[in-house]
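As structure tokens, the structure follows; a few thoughts come after it.
Protein chains: 2
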Amino acid sequence: MKNNNKLHLKRLGIDTYKEAVVYMRKDCHVCLSEGFEVHARIHVALRGKTILATLNTIAGELLKPNEISLSEYAWQLLEAKENDIVELSHPHPLQSLSFIRSKVYGNALDSHQIQSIIDDISQGRYSDIHIATFLTACAGGHLSNAEVVNLTKSMIKAGERLSWPGDLIVDKHSVGGLPGNRTTLIIVPIVTAFGLIMPKTSSRSITSPSGTADTMETLAPVNIDIANMRRIVEQEGGCIIWGGSVNLSPADEILIRVERAMDLDSENQIVASVLSKKISAGSTHIAIDLPIGPTAKVRSLETARTLDTLFQIVANALKIKIAVDMSDGLQPIGRGIGPSLEAKDVLAVLQNQKNAPVDLRERALKLAGIILEFSPDVKQGEGKALATDLLTDGSAWKKFQAICLAQGGMREPTTASYTHTIRAKQRGRVAGIDNRQLSRLAKLAGAPHNKAAGIELHTPLDTMVEAEQPLFTLHAESKGGLRYALSMLEDISAIIQLELYE
Amino acid sequence: MKNNNKLHLKRLGIDTYKEAVVYMRKDCHVCLSEGFEVHARIHVALRGKTILATLNTIAGELLKPNEISLSEYAWQLLEAKENDIVELSHPHPLQSLSFIRSKVYGNALDSHQIQSIIDDISQGRYSDIHIATFLTACAGGHLSNAEVVNLTKSMIKAGERLSWPGDLIVDKHSVGGLPGNRTTLIIVPIVTAFGLIMPKTSSRSITSPSGTADTMETLAPVNIDIANMRRIVEQEGGCIIWGGSVNLSPADEILIRVERAMDLDSENQIVASVLSKKISAGSTHIAIDLPIGPTAKVRSLETARTLDTLFQIVANALKIKIAVDMSDGLQPIGRGIGPSLEAKDVLAVLQNQKNAPVDLRERALKLAGIILEFSPDVKQGEGKALATDLLTDGSAWKKFQAICLAQGGMREPTTASYTHTIRAKQRGRVAGIDNRQLSRLAKLAGAPHNKAAGIELHTPLDTMVEAEQPLFTLHAESKGGLRYALSMLEDISAIIQLELYE
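The structure is reproduced here in structure tokens:
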């Protein structure tokens, strides 16, 4: 049957983030003949590539009668060029949406159903509303262990899966919520300097002021494709790149985008997200850093144990080895919170500077030790000492520079143009620090989008401060960002709790 | 403090349906100074009105450096004019989102929390992602009875609430899912001809091929404001208008828009939606038509009883009277499915035409009888006979025309330009009809957006048919719509089940 549903592409340059939107004149012949109405889902085809997009209609002269436009994300998915001719049609109903409705009503999903949902998400067939429905239906503990295993498997299957020579490919993940916890940038050079293989892919922030990929990006490029990743790992034994740029577990980045808007992290989603990324990257032995504290992401030992158990169950089902390290999450790690500020802490540790943050150094060495002990060549209990040697003798710093160079060249982290220092009103001892409030403040100042924005914390727990002594400094890249963050800063004593003394 | 975050409005005419979107150049001075990035939520102010909108950024020359644009919905909310100067700022975080996260994790919401969520939704402060999260968290039976009561109260409080003279204001609602169930258009003229007051507001379709407002709109205007609604009801005792145009329970229309994209109707949401609308309209006595069938919205007597109980609980808490009438929902009511086709059935009944669909007539009379019996002047058991008199003597038809005239003038329902008739392949008895499949087919043909689109069912249950006898006729307003619906029609015997006979 003849299909006359063709229109010429015109690039309007509208960036909707990662939602595929198609812009069509309300009165174009395709809308009229197909009965397309605003908000409809539309199937768009171009040179063998197809997408589903949500229709926004245009009243007026933004487009000519034979023209159509796409959001930048849709434009990229279709690899479109100006004036290309696209073909429009009604999409087949997505069967996987009925599986989500079934989940909403409390029914279990089987492996086929989960795969079908994840495949549709990975291929950009869901609108934001559909994704939010799926995430909410699964959050709050509504997935069984078997479902989390299947979700993880499905997320792996939906993307590339790397393999590396050898059967000991190490990796590490920190469950977020603890600002400034950038141990990865120290661990990778230590364990690769020893000779282990650590092809590290990291995520950008979901709800935190910086993700590891955001911090690394202030020091070297992190948008690296798989071919280049292979080259870097073959050459240096490791890398620190953004996972989203290598199509490992592609559903994950899409889910994270909507989770960020929802400001929601569920335990099931954490485990599936972390392990799908790691296993896709070809990892066989993974250390999980799990900080616990009243204002960290994991607030109680009980939740940490639930998460630990779930990690072990999924790891066993997927035949990999996991070591979960629970630790104190009472205060930020290092001084900086925000991409550039955290990178500066990392450099201080790698360069063995005298003023390097001791807590960041210690935590990185502990985790590096756990990873080194995955090696049959390292005795149990000797990992940390070995890691310390590799850091102090400069091997790790040399390796880090080599990795940055291999990723495209090392650079200096940027410095914010606008700062404001918050000072103590009286003498006292720092008795408590609210990590959530600190993170929120760093985000209000512009982190992680503005790389140099964030917070520099001057007074860790138990510091004795005098009146007028600096507690922390806000950094922002714009006057507006600084003003906004300050305007939201009502009660400093709720963030840094001072215990007065005589 | 000086705020220099001002830009000139340019109308691009982009219709996003009902999501507020703001379009700004990535490199405009406001994005740069405030650190606004794509997908950010932005506070937009104009002449004392404010909205929250999602940022889409523009690369290129669609806007000049000092220009900004809004989606048509945002444009309307702000009552904007070309070249108006709007002021942009970071929004305060919405506290109510944390209540939704708490609900996702299974915690109960108190009345204050629910009110805060509904107020934010009513005022357009949520993105589609937030609304989908809220709806999903509440669906699947995750609200307690107390929460449904509070949800209903909150939805009422968020909008206008009408009051009418007297303490007997009647109303009626059908829980959808049964195609063609347009009894409202017959009931209102009957009971108002008797002298009762029935200020009827109806909804447009959520997931069905037509809502009562969609069907009524083919006969008379339904977008009527409150002042005009009062005038019509004072004059005629009743009206049949679209609820969304009078700002009764404004959250409801917003929730319905997202539910439609999710293709999800939850029981809690049904009760809150129906009763908030009815009570806002000032009703005191309400008949609920609850058809039950394997392919109707309510599939089992058990679900019907749950719904009945929930209706009664919320009604008692809100001090109104409810009569739930459960009925057979095995097949469509009347012949037409889709706005215009249903309207033609209604006219046949009101005009006492010989070929009027008996089932539609009977059901309307039964429900009108129940409503008439709310009156102290009507004896129990005599309502239906009274309703029949008012229909057959022409009082109802006369009243219907008067109501249409008062609403802006009566009109003829439109007729579709493209039709295709599906015929029986062999002799047999119609042993089953799949309402869901019929509804889906009517929607694929373009209903309810295309008013004349839908299905005309020729053979109700138990009809004896010959080979080649017409089973149903598809109606579409466009070739594409007809072609599309036919292309999806794989297995006719799954829709109309024929039991063969010798």
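First to last, the protein sequences are chains Y and D.
Using my numbering, the first residue of the first sequence is number 18, and each one after it goes up by one.
Using my numbering, the first residue of the second sequence is number 18, and each one after it goes up by one.
Glycine included, each C-beta is placed from N, C-alpha and C at the ideal position.
Answer yes or no: do H302 of chain D and F391 of chain D have a C-beta to C-beta separation smaller than 8 angstroms? For the purposes of this step, residue 302 of chain D is taken as residue 285 along the second sequence, with counting starting at 1. For the purposes of this step, residue 391 of chain D is taken as residue 374 along the second sequence, with counting starting at 1. Contact flag set, yes.
With H, G and I counted as helix, E and B as strand and the rest as coil, what does DSSP make of M18 of chain Y? By 1-based counting over the first sequence, the position of residue 18 of chain Y is 1. At M18 of chain Y the pLDDT is 35, less than 50, meaning the model places this residue with poor confidence; the figure from the coordinates comes in the next sentence. DSSP places M18 of chain Y in coil when its eight states are reduced to three.
Whole alpha helix (DSSP H) runs in the segment 228-281 of chain D with 4 or more residues, listed along the chain? 229-234, 243-253, 267-279
Residues in the same chain with beta-carbon distance under 7 angstroms from S1 of chain Y, minus the five sequence neighbours each way, listed in chain order, please. The structure shown has nothing for residue 1 of chain Y, since chain Y only spans 18 to 519.
Residues of chain Y with a CB under 7 angstroms from the CB of K496 of chain D: which are they? Against the second sequence, residue 496 of chain D aligns to sequence position 479. Under the 7 angstroms cutoff, chain Y gives S50.
Run through the segment 395-431 of chain D for me and flag every whole beta strand (DSSP E) of 3 or more residues, listed as ranges in chain order. none
Rounding to the nearest angstrom, what Cα-Cα distance links Q280 of chain Y and N245 of chain D in this structure? Sequence index remark: in the first sequence, residue 280 of chain Y carries index 263 (1-based). Sequence index remark: in the second sequence, residue 245 of chain D carries index 228 (1-based). Correcting the residue identity first, residue 280 of chain Y is Asp in this sequence and not Gln. Cα-Cα distance, rounded: 43 angstroms.
Kindly say whether T74 of chain D, judged by its beta-carbon, lies nearer than 8 angstroms to any beta-carbon of chain Y. In the second sequence, the residue the question calls residue 74 of chain D occupies position 57. The Cβ of T74 of chain D sits closer than 8 angstroms to at least one Cβ of chain Y.
When the Cα atoms are used, what is the spatial distance from G261 of chain D to E270 of chain D? By 1-based counting over the second sequence, the position of residue 261 of chain D is 244. By 1-based counting over the second sequence, the position of residue 270 of chain D is 253. Approximately 6 angstroms, taken between the alpha carbons.
Name the chain D residues whose beta carbon is nearer than 8 angstroms to that of D32 of chain Y? For this step, residue 32 of chain Y is matched to residue 15 along the first sequence. Within chain D, the residues near D32 of chain Y are K43, V55, N73, T74, I75, A76.
For a contact defined as C-beta to C-beta under 9 angstroms, what are the partners of A37 of chain D on chain Y? On the second sequence, residue 37 of chain D is found 20 positions in, with the first residue counted as 1. Going along chain Y, no residue has its Cβ under 9 angstroms from A37 of chain D, so there is no contact; the nearest lies around 13 angstroms.
Tell me the residue span of the alpha helix (DSSP H) that contains R322 of chain Y. Locating residue 322 of chain Y in the first sequence gives position 305, where the first residue counts as 1. Element bounds for R322 of chain Y: 318-334.
For my contact list, V166 of chain D and V331 of chain D are in at a C-beta cut-off of 8 angstroms; report their separation, rounded to the angstrom. Numbered from 1 along the second sequence, position 149 holds the residue referred to as residue 166 of chain D. Numbered from 1 along the second sequence, position 314 holds the residue referred to as residue 331 of chain D. V166 of chain D to V331 of chain D, Cβ: 5 angstroms. Contact.
Residues of chain Y with CB closer than 8 angstroms to the CB of T153 of chain D, please, in chain order. Translated into positions along the second sequence, residue 153 of chain D becomes position 136. Per Cβ cutoff of 8 angstroms: V121, A149, T150, T153, A154.
In the DSSP output, what is V166 of chain Y paired with across the bridge? Residue 166 of chain Y sits at position 149 when you count from the first residue of the first sequence. According to DSSP, V166 of chain Y bridges with nothing at all.
Return no unless some Cβ of chain D is closer than 8 angstroms to the Cβ of R118 of chain Y. To locate residue 118 of chain Y, count along the first sequence from 1; it is residue 101. Yes, contact with chain D.
Cβ-based neighbour list, S128 of chain Y, same chain, cut-off 6 angstroms, excluding 5 preceding and 5 following: Counting from one through the first sequence, the residue named residue 128 of chain Y turns up at place 111. These residues qualify, in order along the chain: N167.
With 7 angstroms as the C-beta to C-beta threshold (strictly closer), list the residues of the segment 132-144 of chain D near chain Y in chain order. Listed in sequence order: S144.
Distance, Cα to Cα, L347 of chain D vs A149 of chain Y? On the second sequence, position 330 is the one that residue 347 of chain D refers to. On the first sequence, position 132 is the one that residue 149 of chain Y refers to. Each residue's alpha carbon lies about 34 angstroms from the other.
Report buried or exposed for R64 of chain Y, applying the criterion of at least 16 other Cβ atoms within 10 angstroms of its Cβ. Here residue 64 of chain Y refers to the residue found at position 47 of the first sequence. Answer is exposed; the Cβ neighbour count stays below 16.
Mind listing which residues of the segment 249-281 of chain Y have their C-beta closer than 9 angstroms to chain D's C-betas, in chain order? R274, V275, R277, A278, M279, D280, L281
Suppose you measure from the CA of I388 of chain Y to the CA of E429 of chain Y; what does that come to, to the nearest Å? Locating residue 388 of chain Y in the first sequence gives position 371, counting from the first residue. Locating residue 429 of chain Y in the first sequence gives position 412, counting from the first residue. Distance between the alpha carbons of I388 of chain Y and E429 of chain Y: 29 angstroms.
For chain Y, find out if any of its Cβ atoms is closer than 8 angstroms to the Cβ of I354 of chain D; answer yes or no. Position 337 of the second sequence, counting from 1, holds the residue named residue 354 of chain D. Chain Y contact via Cβ: absent.
With a threshold of 8 angstroms between beta-carbons, can H466 of chain D be considered close to chain Y, or not? For the purposes of this step, residue 466 of chain D is taken as residue 449 along the second sequence, with counting starting at 1. Yes, H466 of chain D counts as interfacial toward chain Y.
Taking Cβ-Cβ distances shorter than 7 angstroms, what residues in chain Y pair up with G463 of chain D? Along the second sequence, one-based indexing puts residue 463 of chain D at 446. The contacting residues are G52.
Does the beta-carbon of L61 of chain Y have 16 or more other beta-carbons within 10 angstroms, so that it is buried, or is it exposed? Mapped onto the first sequence, residue 61 of chain Y falls at position 44. Note that residue 61 of chain Y is Val in the sequence shown, not Leu. That one is buried.
Rounded to whole angstroms, what is the Cα-Cα separation between Q424 of chain D and I102 of chain D? The residue you call residue 424 of chain D lines up with position 407 of the second sequence. The residue you call residue 102 of chain D lines up with position 85 of the second sequence. Taking the straight line from one Cα to the other gives about 38 angstroms.
Please list, in chain order, the chain Y residues whose beta carbon lies closer than 7 angstroms to that of H107 of chain D. Here residue 107 of chain D refers to the residue found at position 90 when the second sequence is read from its first residue. Ordered by position in chain Y, the residues that pass the 7 angstroms Cβ test against H107 of chain D are Y501.
Suppose the cutoff is 8 angstroms on Cβ atoms and the five residues either side in sequence are ignored; what does the same chain contact list for Q368 of chain D look like? Translated into positions along the second sequence, residue 368 of chain D becomes position 351. Excluding sequence neighbours, Q368 of chain D sits near W414.
What residues from chain Y crowd round G228 of chain D, counting only those whose CB sits closer than 7 angstroms? One-based indexing of the second sequence puts residue 228 of chain D at position 211. Neighbours of G228 of chain D on chain Y: none; closest Cβ ~15 angstroms, over 7 angstroms.
For I207 of chain D, would you say it is in contact with chain Y, using Cβ-to-Cβ distances shorter than 8 angstroms as the test? To locate residue 207 of chain D, count along the second sequence from 1; it is residue 190. Chain Y, which has no Cβ nearer than 8 angstroms to the Cβ of I207 of chain D, makes this no.
CB contact flag (V205 of chain Y, I287 of chain Y, <8 angstroms): Here residue 205 of chain Y refers to the residue found at position 188 of the first sequence. Here residue 287 of chain Y refers to the residue found at position 270 of the first sequence. Contact flag unset, no.
List the whole-angstrom C-beta distance separating P226 of chain Y from G497 of chain Y, where the pair is believed to meet the contact cut-off of C-beta under 8 angstroms. In the first sequence, residue 226 of chain Y corresponds to position 209, counting from 1. In the first sequence, residue 497 of chain Y corresponds to position 480, counting from 1. With 8 angstroms as the limit, P226 of chain Y and G497 of chain Y do not qualify as a contact, their Cβ atoms being about 17 angstroms apart.
Return the residue from the list D:H109, D:L79, D:D44 that minimises the CA-CA distance to A70 of chain D. Residue mapping note: residue 70 of chain D aligns to position 53 of the second sequence, counting from 1. Of the candidates D:H109, D:L79, D:D44, the one whose C-alpha sits nearest the C-alpha of A70 of chain D is D:H109.
What is the C-beta distance between L461 of chain D and M505 of chain D, in whole angstroms, given that I count them as a contact (C-beta under 8 angstroms)? Residue 461 of chain D sits at position 444 when you count from the first residue of the second sequence. Residue 505 of chain D sits at position 488 when you count from the first residue of the second sequence. Rounded, the Cβ-Cβ distance is 5 angstroms, consistent with contact.
From K27 of chain D to L111 of chain D, what does the alpha carbon distance come to, in whole angstroms? Here the question's residue 27 of chain D lines up with position 10 in the second sequence. Here the question's residue 111 of chain D lines up with position 94 in the second sequence. Using only the alpha carbons, I get a separation of about 28 angstroms.
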